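Residues in the sequence shown are numbered from 263 upward in steps of one, following my numbering.
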Amino acid sequence: MSTELNHIIVPAKDKWESARFLGRILGVEAGPEWAHFVPVRVGRVTIDFDNAKDFSHHHCAFLLGEAEFDAALDRIKKAGIRFFAEFDRTGPGEINRNYGGRGVYFEDPSGHLFELITRPYGEVPEQWIEGKAVRATGG
Ligand SMILES: [Fe+2]
């Protein structure tokens, strides 16, 4: 028996809008509604969107294959969604090359910061500055 993350609840201004948004970008189905949640299944984990008010913004990162990253980034661009190379919204319209892979950040309709990566983070934090992956200095 192993231990793994199974589902996580993400608050949304409009659960269907957020679920469809994420599903469209990742190329997976949103729903059907389960209890009062709208689930989006990503691999073995379910993101359960739920309507809420006055919530703080979450951050979710998705690890994709190279072809899936290309397809997702293409959908982001075609939908006119603003994207960034870094979590602090630096590098608008750019992707990063941290950890020897590729990564991109974008906001969902509820303001959550989502991230797509092709390589897991390494032991040492990296940051994309002026077109290069450099060791993050913190802060
Ligand atoms: Fe992240």
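For every residue, glycine included, the Cβ atom is placed at its ideal position computed from N, Cα and C. All figures in this text were calculated on a predicted structure; none of them were measured in a lab.
Can you tell me whether residue i is helix, strand or coil according to DSSP?
i, result
"residue 346", "strand"
"residue 398", "coil"
"residue 325", "strand"
"residue 274", "strand"
How many whole angstroms separate the CB atoms of residue i and residue j, which I take to be in contact at a CB cut-off of 8 Å?
i, j, result
"residue 276", "residue 371", "7 Å"
"residue 390", "residue 348", "5 Å"
"residue 382", "residue 325", "6 Å"
"residue 377", "residue 323", "4 Å"
"residue 298", "residue 374", "Actually they do not touch by this definition, with Cβ atoms about 19 Å apart."
Is the beta carbon of residue j closer than 7 Å to that of residue i?
i, j, result
"residue 365", "residue 379", "yes"
"residue 354", "residue 317", "no"
"residue 302", "residue 314", "no"
"residue 395", "residue 359", "yes"
For residue i, write down the residues that DSSP places opposite it in a beta bridge.
i, result
"residue 308", "269 and 303"
"residue 367", "346 and 377"
"residue 292", "302"
"residue 354", "346"
"residue 313", "274"
What residue range does the beta strand (DSSP E) around residue i cover?
i, result
"residue 284", "Residue 284 -> not in any beta strand (DSSP E); alpha helix (DSSP H) instead, spanning 277-288."
"residue 391", "388-391"
Answer yes or no: does any C-beta atom of chain B fall closer than 7 Å to that of residue i?
i, result
"residue 371", "The chain labelled as chain B is not found in the depicted structure, where only one protein chain is given."
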